[in-house]
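S.K.:
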Amino acid sequence: MLLNLDNITFYQILDFIGTLAFAISGTRLAAAKHFDLFGAYVVGVTTAIGGGTMRDILLNQTPFWMTDPFYLICSAVAVIWVVVFRRHLVRQNNTWFLFDTIGLALFTVVGVEKTLSAGLPMWCAIIMGAMTGAAGGIMRDVLINEVPLIFRKEIYALACVTGGIMFAIGHRIGIDTHLNAIISGLAVIVIRLLAVKYHLALPKLKVEEADEEKDA
Amino acid sequence: MLLNLDNITFYQILDFIGTLAFAISGTRLAAAKHFDLFGAYVVGVTTAIGGGTMRDILLNQTPFWMTDPFYLICSAVAVIWVVVFRRHLVRQNNTWFLFDTIGLALFTVVGVEKTLSAGLPMWCAIIMGAMTGAAGGIMRDVLINEVPLIFRKEIYALACVTGGIMFAIGHRIGIDTHLNAIISGLAVIVIRLLAVKYHLALPKLKVEEADEEKDA
Amino acid sequence: MLLNLDNITFYQILDFIGTLAFAISGTRLAAAKHFDLFGAYVVGVTTAIGGGTMRDILLNQTPFWMTDPFYLICSAVAVIWVVVFRRHLVRQNNTWFLFDTIGLALFTVVGVEKTLSAGLPMWCAIIMGAMTGAAGGIMRDVLINEVPLIFRKEIYALACVTGGIMFAIGHRIGIDTHLNAIISGLAVIVIRLLAVKYHLALPKLKVEEADEEKDA
Numbered sequence: 001m002l003l004n005l006d007n008i009t010f011y012q013i014l015d016f017i018g019t020l021a022f023a024i025s026g027t028r029l030a031a032a033k034h035f036d037l038f039g040a041y042v043v044g045v046t047t048a049i050g051g052g053t054m055r056d057i058l059l060n061q062t063p064f065w066m067t068d069p070f071y072l073i074c075s076a077v078a079v080i081w082v083v084v085f086r087r088h089l090v091r092q093n094n095t096w097f098l099f100d101t102i103g104l105a106l107f108t109v110v111g112v113e114k115t116l117s118a119g120l121p122m123w124c125a126i127i128m129g130a131m132t133g134a135a136g137g138i139m140r141d142v143l144i145n146e147v148p149l150i151f152r153k154e155i156y157a158l159a160c161v162t163g164g165i166m167f168a169i170g171h172r173i174g175i176d177t178h179l180n181a182i183i184s185g186l187a188v189i190v191i192r193l194l195a196v197k198y199h200l201a202l203p204k205l206k207v208e209e210a211d212e213e214k215d216a
Numbered sequence: 217m218l219l220n221l222d223n224i225t226f227y228q229i230l231d232f233i234g235t236l237a238f239a240i241s242g243t244r245l246a247a248a249k250h251f252d253l254f255g256a257y258v259v260g261v262t263t264a265i266g267g268g269t270m271r272d273i274l275l276n277q278t279p280f281w282m283t284d285p286f287y288l289i290c291s292a293v294a295v296i297w298v299v300v301f302r303r304h305l306v307r308q309n310n311t312w313f314l315f316d317t318i319g320l321a322l323f324t325v326v327g328v329e330k331t332l333s334a335g336l337p338m339w340c341a342i343i344m345g346a347m348t349g350a351a352g353g354i355m356r357d358v359l360i361n362e363v364p365l366i367f368r369k370e371i372y373a374l375a376c377v378t379g380g381i382m383f384a385i386g387h388r389i390g391i392d393t394h395l396n397a398i399i400s401g402l403a404v405i406v407i408r409l410l411a412v413k414y415h416l417a418l419p420k421l422k423v424e425e426a427d428e429e430k431d432a
Numbered sequence: 433m434l435l436n437l438d439n440i441t442f443y444q445i446l447d448f449i450g451t452l453a454f455a456i457s458g459t460r461l462a463a464a465k466h467f468d469l470f471g472a473y474v475v476g477v478t479t480a481i482g483g484g485t486m487r488d489i490l491l492n493q494t495p496f497w498m499t500d501p502f503y504l505i506c507s508a509v510a511v512i513w514v515v516v517f518r519r520h521l522v523r524q525n526n527t528w529f530l531f532d533t534i535g536l537a538l539f540t541v542v543g544v545e546k547t548l549s550a551g552l553p554m555w556c557a558i559i560m561g562a563m564t565g566a567a568g569g570i571m572r573d574v575l576i577n578e579v580p581l582i583f584r585k586e587i588y589a590l591a592c593v594t595g596g597i598m599f600a601i602g603h604r605i606g607i608d609t610h611l612n613a614i615i616s617g618l619a620v621i622v623i624r625l626l627a628v629k630y631h632l633a634l635p636k637l638k639v640e641e642a643d644e645e646k647d648a
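Chains as they are written, first to last, in our numbering: chain A, 1 to 216; chain B, 217 to 432; chain C, 433 to 648.
#1: With a threshold of 16 other CB atoms inside 10 Å of the CB of A/ASP68, please say whether the residue is buried or exposed.
#2: Taking the beta carbon of A/SER75 as the centre, do at least 16 other beta carbons fall within 10 Å, making it buried, or is it exposed?
#3: Can you pull out the residues from the stretch 540-555 of chain C whose beta carbon lies closer than 8 Å to at least one beta carbon of chain B?
#4: For chain B, find out if any of its Cβ atoms is closer than 8 Å to the Cβ of C/ILE512; answer yes or no.
#5: Would B/THR401 and B/LEU322 be called neighbours here (beta carbons separated by less than 8 Å)?
#6: Rounded to a whole number of angstroms, what is the C-alpha to C-alpha distance between B/ALA235 and B/ALA246?
#7: Suppose the cutoff is 8 Å on Cβ atoms and the five residues either side in sequence are ignored; what does the same chain contact list for B/PHE301 look like?
#8: Go ahead and pull the three-state DSSP assignment for B/SER284.
#9: If you count every other CB in all the chains shown that lies within 10 Å of the CB of A/PHE10, and 16 or more means buried, which is it?
#10: Cβ closer than 9 Å: which chain B residues qualify as neighbours of C/VAL574?
#11: If I follow the unbroken alpha helix (DSSP H) through B/ASN310, where does it start and stop?
#12: Do we get a CB-CB distance below 8 Å when we pair C/MET563 with the residues of chain A?
#13: What did DSSP end up calling A/ASP36 once you bin it into helix, strand or coil?
#14: Using a beta-carbon distance cut-off of less than 7 Å, what residues from the stretch 438-453 of chain C approach chain B?
#15: Closest to C/ALA591 by C-alpha separation, out of C/GLY602, C/ILE570, C/PRO495 and C/GLY565, would be which residue?
#16: Report yes if the CB atom of B/GLY242 is closer than 8 Å to the CB atom of B/THR269, and no otherwise.
#17: Residues of chain A with a CB under 8 Å from the CB of C/ASP468: which are they?
#18: For C/ILE597, which option in C/ALA613, C/PHE583, C/ASP608 and C/PHE496 has the closest C-alpha, if you only look at C-alpha atoms?
#19: Excluding sequence positions up to five away, which residues of its chain have a Cβ less than 6 Å from the Cβ of C/ILE570?
#20: Here's the rule I'm using: 16 or more other beta-carbon atoms within 10 Å means buried, otherwise exposed. How should B/HIS387 be labelled?
#21: Compute the Euclidean distance between the alpha carbons of C/ALA627 and A/GLY163, then round it to the nearest angstrom.
#22: Identify whether C/LEU632 lies in helix, strand or coil by the three-state DSSP scheme.
#23: Got a sec? Which residues, its chain only, sit under 7 Å from A/ILE126 by beta carbon, not counting five neighbours each side?
#24: Excluding the five sequence neighbours on either side, which residues of its own chain have a C-beta within less than 7 Å of the C-beta of A/TRP81, listed in chain order?
#25: Which value, in whole angstroms, describes the spacing of the CA atoms of A/LYS214 and A/THR115?
#26: Since A/ASP100 and A/PHE151 are thought to touch, with beta carbons under 8 Å apart, how far apart are those beta carbons, to the nearest angstrom?
#27: Can a CB atom of chain A be found closer than 8 Å to the CB of B/PRO364?
#28: Spatial neighbours of A/ALA118 within its chain, please: C-beta separation below 7 Å, excluding the five flanking residues on both sides.
#29: How many Å lie between B/PRO279 and B/ALA373 at the Cα?
#30: Cβ closer than 8 Å: which chain A residues qualify as neighbours of B/ASN309?
#31: Under DSSP, the alpha helix (DSSP H) around C/LEU575 begins and ends at which residues?
#32: Identify whether B/ASP392 lies in helix, strand or coil by the three-state DSSP scheme.
#33: From this set, A/TRP65, A/VAL79, A/GLY136 and A/TRP123, which residue's C-alpha is nearest A/GLY103's C-alpha?
#34: May I have the straight-line CA-CA distance separating B/ASP252 from A/VAL110, to the nearest angstrom?
#35: Please list, in chain order, the residues of the stretch 256-268 of chain B that have any C-beta partner in chain C closer than 8 Å.
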């Protein structure tokens, strides 16, 4: 039921890898905060499905995980993985970073495609793609009571936005959907890998605040 | 208007008790953070209606409190109660703990029932039941800027999940709905009381993180 | 496209001023937390559209910003403004405070009107008006990991509620909508300005908590 091996697709394998990687990132951060197994599961599942759930609510569609147990099972696998490999997770960092990036690319492209299919304008689809990829991580950080990581580091969101723009343009000019998804997804992956390798980051905002309290 | 005494039901009394207890838990924590009356009300009302609102949004139904002022009035009663009895709240702890548990049981069962009625699968209904019972408390802790309490203590959520599974099975095998609700609700109450009495808790996750920053 | 100057209306100018002021308040607080440009934009946009988005989701309508790029562009203008005028923002405090208050008044009235138009009861419309005005600021503070400011200071929300009650009553007794909106909006502005000028605030709740942990 989890995976029908007769017609398992390339897309489903990527979906599994990405969901697992997102859930593991949430579960690990929850563990670092001494959450119990339930808390770790909730944070993991929120990281994995949070962005897509927000997208589906905004699109007024039934959230994708409510009709397919795949995503909740993936998140349970993530908790088991973290428990079993807890002494080896640091050594697996590069692998999970890559899988996380694959998930980011997939979720972004799915978000753009679903929004365009709902008949919304291109700029809205690009926003929704970035939201699908990045909002789960923001919710994760809100739940563990930390300032969202992606607001301070890396070109994480810029990778989503660039991939989303590419997919939306490809869709407009009529490129085959699968080819378009692969090209745009690879763009997300390449941009993020380059950003991390060369420590590229957006400039930070600096303001002078003599009286922060005044402006509510 | 709040309570039509001609046909006030057992269910309505439980609903009042549970809503009041949830709102009081939010109001007290807000007061401990020196919130003003308005802030205390918002936190109280979020604790009381947050879980059910999330459920109704996911089910694409009008949130239950938008057509019946009962829940917002209950939350106002909670603020008044906290103001009037502020020196006696600690002595009332056991009572409010019991009422809070009654609310947890009721909200869980209502959440499972409503989701099954919407035609969604059993496993989804169990998740939605736990969400109805527990998400309000998570939102409360996000608003007061604390790590959600239920991620670190007690079998709170496990009680919801067990009660939800019992109700869903009873529903499947055709037990009378009222009887089913009472049995499942009592299971939630008993599990939580036992968990607190014997200090039962889920194990905490422990991981070794040499480099937490890498895994965004 | 942003502003069609042929039929630009008084309402659109107010909408621009209010959205800009809300977004700037979010962007400034994000900058004070050393967020990067993307993070500052997300916090700004959340402050500007968060309340109305929550309202539209609860009303089961397509969120207002998904069909009109105006609001996302406004928020980008806010980030540019903060970058360009970063050394002069403190001197602009009074102006932005006034614009923020205009936004609060407008968003409150729009929220009440939209909810009444959806056929919901008056008390619900008043709540939704206050939510439209105030929820964006709460989300902003959750994102920057601070206790929401409006829970501790000023008559911010009380101004929304009063203006909302006035608009709902005016609507019931049949006052012309535009006149009603102007009167109610002015009430919000006057109440907030007076509250800040005379340091009016709601009383804080005080409770004695010997054992905060017990009450989950």
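The beta carbon of each residue, even a glycine, is placed where N, CA and C say it ideally should be.
M.R.: Walking through what the data contain:
#1: In the first sequence, the residue the question calls residue 68 of chain A occupies position 68. Exposed, by the Cβ-count rule.
#2: As a position in the first sequence, residue 75 of chain A is number 75, starting the count at 1. The residue in question, A/SER75, is buried, as its Cβ has 16 or more Cβ neighbours within 10 Å.
#3: Only those residues of the stretch 540-555 of chain C whose C-beta falls short of 8 Å from the nearest C-beta of chain B are listed: LEU552, PRO553 and TRP555.
#4: As a position in the third sequence, residue 512 of chain C is number 80, starting the count at 1. For C/ILE512, the answer is no, since every Cβ of chain B falls outside 8 Å of its Cβ.
#5: Reading the second sequence from its first residue, position 185 is the one you call residue 401 of chain B. Reading the second sequence from its first residue, position 106 is the one you call residue 322 of chain B. Strictly speaking, residue 401 of chain B in this sequence is Gly, with Thr absent from that position. In terms of Cβ geometry, B/GLY401 and B/LEU322 form a close pair [threshold 8 Å].
#6: Along the second sequence, one-based indexing puts residue 235 of chain B at 19. Along the second sequence, one-based indexing puts residue 246 of chain B at 30. Before going further, note that residue 235 of chain B is Thr rather than Ala in the sequence given. Taking the straight line from one Cα to the other gives about 17 Å.
#7: In the second sequence, residue 301 of chain B corresponds to position 85, counting from 1. Leaving aside the five residues that flank B/PHE301 on each side, the residues in its chain whose CB is nearer than 8 Å to its CB run, in chain order, GLN308.
#8: On the second sequence, residue 284 of chain B is found 68 positions in, with the first residue counted as 1. Here the sequence assigns Asp to residue 284 of chain B, which means Ser is not the residue at that position. Correct three-state label for B/ASP284: coil.
#9: The residue labelled residue 10 of chain A in the question sits at position 10 within the first sequence. Counting every other CB atom within 10 Å of its CB across the protein chains shown gives A/PHE10 a total below 16, marking it as exposed.
#10: As a working note, residue 574 of chain C is residue 142 in the third sequence. Within chain B, the residues near C/VAL574 are VAL358, LEU359 and ASN361.
#11: Here residue 310 of chain B corresponds to residue number 94 of the second sequence, with the count starting at 1. For B/ASN310, the enclosing alpha helix (DSSP H) has its first and last residue at 309-333.
#12: For the purposes of this step, residue 563 of chain C is taken as the residue at position 131 of the third sequence. The beta carbon of C/MET563 does not come within 8 Å of any beta carbon belonging to chain A, so the residue lies off that interface.
#13: If you number the first sequence from 1, residue 36 of chain A lands on position 36. Residue state, collapsed to three classes: strand.
#14: Per Cβ criterion, the list is empty.
#15: By one-based count along the third sequence, residue 591 of chain C stands at place 159. Looking at the Cα atoms, C/GLY565 is the closest of the given residues.
#16: Counting from 1 along the second sequence, the entry for residue 242 of chain B is found at position 26. Counting from 1 along the second sequence, the entry for residue 269 of chain B is found at position 53. No.
#17: Within the third sequence, numbered from 1, the residue matching residue 468 of chain C stands at position 36. Going along chain A in sequence order, the residues near C/ASP468 (Cβ under 8 Å) are PHE151, ARG152, LYS153, ALA201, LEU202, PRO203, LYS204 and LEU205.
#18: One-based indexing of the third sequence puts residue 597 of chain C at position 165. Of the candidates C/ALA613, C/PHE583, C/ASP608 and C/PHE496, the one whose C-alpha sits nearest the C-alpha of C/ILE597 is C/ALA613.
#19: Looking up residue 570 of chain C in the third sequence gives position 138. Contacts found: PRO580.
#20: In the second sequence, residue 387 of chain B corresponds to position 171, counting from 1. Buried, since its Cβ has 16 or more Cβ neighbours within 10 Å.
#21: The sequence position of residue 627 of chain C within the third sequence is 195, counting from 1. The sequence position of residue 163 of chain A within the first sequence is 163, counting from 1. Cα atoms of C/ALA627 and A/GLY163: separation of roughly 48 Å, rounded to the nearest angstrom.
#22: As a working mapping, residue 632 of chain C is identified with position 200 in the third sequence. Coil at C/LEU632, not helix or strand.
#23: On the first sequence, position 126 is the one that residue 126 of chain A refers to. For A/ILE126, where only same-chain residues beyond five positions count, the Cβ hits under 7 Å are VAL112, VAL161, GLY164, ILE165 and ALA168.
#24: Stepping through the first sequence from its first residue, residue 81 of chain A is reached at position 81. Counting only Cβ-Cβ distances below 7 Å, and skipping sequence neighbours, we find ILE24.
#25: The residue given as residue 214 of chain A occupies position 214 in the first sequence. The residue given as residue 115 of chain A occupies position 115 in the first sequence. Below a pLDDT of 50, predicted positions are generally treated as unreliable, and A/LYS214, at 43, falls in that range; the measurement from the model is reported next regardless. Going from the Cα of A/LYS214 to the Cα of A/THR115 covers about 39 Å.
#26: Against the first sequence, residue 100 of chain A aligns to sequence position 100. Against the first sequence, residue 151 of chain A aligns to sequence position 151. Contact doesn't hold; Cβ gap of about 17 Å is too wide.
#27: Counting from one through the second sequence, the residue named residue 364 of chain B turns up at place 148. For B/PRO364, the answer is yes, since a Cβ of chain A falls inside 8 Å of its Cβ.
#28: Along the first sequence, one-based indexing puts residue 118 of chain A at 118. Once the five neighbours on either side are set aside, the close Cβ partners of A/ALA118 are LEU59.
#29: Mapped onto the second sequence, residue 279 of chain B falls at position 63. Mapped onto the second sequence, residue 373 of chain B falls at position 157. Straight across, the Cα-Cα distance linking B/PRO279 with B/ALA373 is about 22 Å.
#30: Taking the second sequence and counting its residues from 1, the one referred to as residue 309 of chain B is at position 93. Near B/ASN309 there are no residues of chain A at all, since even the closest Cβ is about 23 Å away, more than 8 Å.
#31: Counting from one through the third sequence, the residue named residue 575 of chain C turns up at place 143. C/LEU575 -> alpha helix (DSSP H) spans 554-575.
#32: Numbered from 1 along the second sequence, position 176 holds the residue referred to as residue 392 of chain B. Coil.
#33: Taking the first sequence and counting its residues from 1, the one referred to as residue 103 of chain A is at position 103. Measuring from the Cα of A/GLY103, the nearest candidate turns out to be A/GLY136.
#34: Stepping through the second sequence from its first residue, residue 252 of chain B is reached at position 36. Stepping through the first sequence from its first residue, residue 110 of chain A is reached at position 110. The C-alpha of A/VAL110 is placed about 44 Å away from the C-alpha of B/ASP252.
#35: Within the stretch 256-268 of chain B, the qualifying residues are ALA256, VAL258 and VAL259.
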